[in-house]
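Visitor:
There are 2 protein chains.
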Amino acid sequence: MISILPVYGLPEIAAGDELGAMISAAIQVVDGDVVVVAQKAVSKAEGRVLRLAEIEPSDEARRRAGDSSDPRKLEAILRETKRVVRSRNALVIAETRHGFVCASAGVDQSNAPEAGMLVLLPLDADASARRIRDEIRERSGADVAVVVSDSFGRPFRRGTTDVAIGVAGLAPLLDLRGSADRAGYVLSSSQVALADELAGAADLARGKADGVPAVVIRGAAISGDGSAAELVIPAERDLFR
Amino acid sequence: MISILPVYGLPEIAAGDELGAMISAAIQVVDGDVVVVAQKAVSKAEGRVLRLAEIEPSDEARRRAGDSSDPRKLEAILRETKRVVRSRNALVIAETRHGFVCASAGVDQSNAPEAGMLVLLPLDADASARRIRDEIRERSGADVAVVVSDSFGRPFRRGTTDVAIGVAGLAPLLDLRGSADRAGYVLSSSQVALADELAGAADLARGKADGVPAVVIRGAAISGDGSAAELVIPAERDLFR
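Laid out in structure tokens, this is it:
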């Protein structure tokens, strides 16, 4: 059996907060737990926020924003964008510095610490996950894995699902290639995006508007270690560039 | 807390099997449970299998198969394909009759009942889910929701995640639009693909090679009813066509 446990009682996160220490104080974790932490909480703790009032929009940001959007927000999005993958009006599907493809390069106004603020993705969410993991081990003695999650839209399918943008203490891909099914077939194209499924499972226990930034998944089969960069399809194999 | 419970002890599925009855006999379900059933099991129970030896490949199938693939398998894939979305060599990313976009139009040789067999997607996986739901209610008295799941690849991200291709007894999209976050912002683009997150969570409890075709998720917040067709982005809003 796998259990999904929301971590209640965490305060609103502020810059400089030690998330791992806060999570350790709020819930008793054990070896093998996966602690899934929402990107917004991580970004706020790391001070990855921007004040709209301090952003000077470029001409391109003004052009993309048109009459219906805030050009300062578009400017923040473009600064976080390595490549515009698709766009329509003010909507930008961007490739981020990390190689992730998502709406608005992950720049978000909802759940910002105060009005007029934007929250950006962590600069290195694997490093964020490692830091949280180390803090948890220091405080609780438990050897957990950590996933930093964010809500991404998907081509072809409506609605967002939470996916992993940073990992520590687990291999994000579960490689079933070479394992045989019941009839003796060798499974060919079977790499499971385990870290994404963990992130999505955690979201089931966390109403988005409810402010539950951390969720513990207990009993999942994890192993190894790795980086969320492994979840990005290399450009030469990407049929949707 | 949410619990994910694999259903052990189900036999190999054969055409004509009543999956809902078999699941009810193998695990005690309660009102509000979500029963996630793997597409392969559903398709086998519905006789949605093809014998390779009985397929006559078309010229297009031969051309796409080249020297490295079985043209009979390509023929089966093309028959299940409404639109070829992308292709490279023998790999076809297809839109299915249901509107889903996935590799090989969902045609799969792994976990087939015997050598030389292909498993196709159910013709109407919502109807499959409703049938299983009704059988479970009849046998156990419990009012559960059912999700039929399959492993899909995703553009931009490596590895598959399980997603919903059929639902009964739950709304597949959780609409957070209009709900306010902690700072009072109204969340704008927040529809969560709840049924996909449920399917992915179930996969965590099911090793692909292990033959656990059904998983029960207990304690998730579900409501309403709907169709997996709601998870398909309408053509006019699809930036990736």
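Order-wise, the sequence lines are chains A and B. The first sequence begins at 1 in our numbering and counts up by one. The second sequence begins at 242 in our numbering and counts up by one. The beta-carbon is built from N, C-alpha and C at its ideal position, and this holds for glycine as well. None of the values given here were measured: they were computed from a predicted structure.
(1) Which stretch, first to last residue, makes up the alpha helix (DSSP H) that contains residue 196/A?
(2) I need the DSSP call for residue 358/B, collapsed to helix, strand or coil.
(3) Taking contact to mean at least 3 C-beta pairs separated by less than 8 Å, is the stretch 65 to 84 of chain A in contact with the stretch 345 to 361 of chain B?
(4) In terms of alpha-carbon separation, which member of 37/A, 46/A, 47/A and 78/A lies closest to residue 244/A?
(5) Quick check: the stretch 372 to 385 of chain B against the stretch 345 to 356 of chain B, are there 3 or more CB pairs under 8 Å?
(6) Among 368/B, 284/B and 311/B, whose alpha-carbon lies nearest the alpha-carbon of residue 512/B?
(7) Please classify residue 466/B as buried or exposed, where buried requires at least 16 neighbouring CB atoms within 10 angstroms.
(8) What does residue 247/B pair with, by DSSP beta-bridge criteria?
(9) Counting contacts by CB-CB distance shorter than 8 Å, is residue 187/A in contact with chain B?
(10) Run through chain A and tell me which residues come within less than 9 Å of residue 454/B, C-beta to C-beta.
(11) Could you tell me the alpha carbon to alpha carbon distance between residue 127/A and residue 166/A, rounded to whole angstroms?
(12) Measure the beta-carbon distance from residue 390/B to residue 279/B and round it to whole angstroms, keeping in mind my assumption that it falls under 8 Å.
(13) Buried or exposed for residue 281/B, going by 16 or more other Cβ atoms inside 10 Å?
(14) CA-CA distance, residue 76/A and residue 234/A?
(15) Spell out the partners DSSP gives residue 191/A in its beta bridges.
(16) Would you say residue 406/B lies against chain A (beta-carbon separation less than 8 Å)?
(17) Taking the CB atoms as reference points, tell me whether residue 139/A and residue 223/A lie closer together than 8 Å.
(18) Could you list which residues in chain A have their beta carbon closer than 8 Å to that of residue 396/B, in chain order?
(19) What are the boundary residues of the alpha helix (DSSP H) that residue 128/A is part of?
(20) Look up residue 93/A in the DSSP assignment and give the residues it is bridged to.
(21) So what does DSSP say about residue 409/B, is it helix, strand or coil?
(22) May I ask which residues mark the beginning and end of the beta strand (DSSP E) holding residue 276/B?
(23) Taking 8 Å as the CB-CB limit, is residue 268/B close to chain A?
(24) So which of 444/B, 249/B, 438/B and 439/B has the shortest CA-CA distance to residue 191/A?
(25) Please name the residue, chosen from 36/A, 84/A and 45/A, that lies closest to residue 18/A on a Cα-to-Cα basis.
(26) Kindly confirm or deny that the stretch 325 to 336 of chain B and the stretch 455 to 464 of chain B touch, where touching means at least three C-beta pairs closer than 8 Å.
(27) Are the C-beta of residue 22/A and some C-beta of chain B separated by less than 8 Å?
(28) For chain B, find out if any of its Cβ atoms is closer than 8 Å to the Cβ of residue 135/A; answer yes or no.
(29) State yes or no: is the C-beta of residue 472/B within less than 8 Å of the C-beta of residue 157/A?
Guide: In short, the structure shows the following:
(1) 194 to 204
(2) strand
(3) Output reads no: the stretch 345 to 361 of chain B does not touch the stretch 65 to 84 of chain A.
(4) Because chain A here runs from 1 to 241, residue 244/A falls outside it and cannot be looked at.
(5) no
(6) The question about residue 512/B has no answer, for chain B in this structure spans 242 to 482.
(7) exposed
(8) 456/B
(9) Residue placement at residue 187/A cannot be trusted, given a pLDDT of 48 that sits under 50; the coordinates are not used to answer.
(10) Ordered by position in chain A, no residue passes the 9 Å Cβ test against residue 454/B, which lies about 10 Å from the chain.
(11) 8 Å
(12) 6 Å
(13) buried
(14) Roughly 26 Å between the two C-alpha positions.
(15) 175/A
(16) With 8 Å as the cut-off, residue 406/B does not count as an interface residue toward chain A.
(17) no
(18) 101, 154, 155, 156, 233, 238, 239 and 240
(19) 125 to 140
(20) 86/A and 103/A
(21) strand
(22) 275 to 279 is the extent of the beta strand (DSSP E) around residue 276/B.
(23) Taking Cβ atoms only, chain A never reaches closer than 8 Å to residue 268/B, which makes this a no.
(24) 444/B
(25) 45/A
(26) no
(27) no
(28) Not an interface residue.
(29) Yes; because the gap between Cβ atoms is below 8 Å, this pair is in contact.
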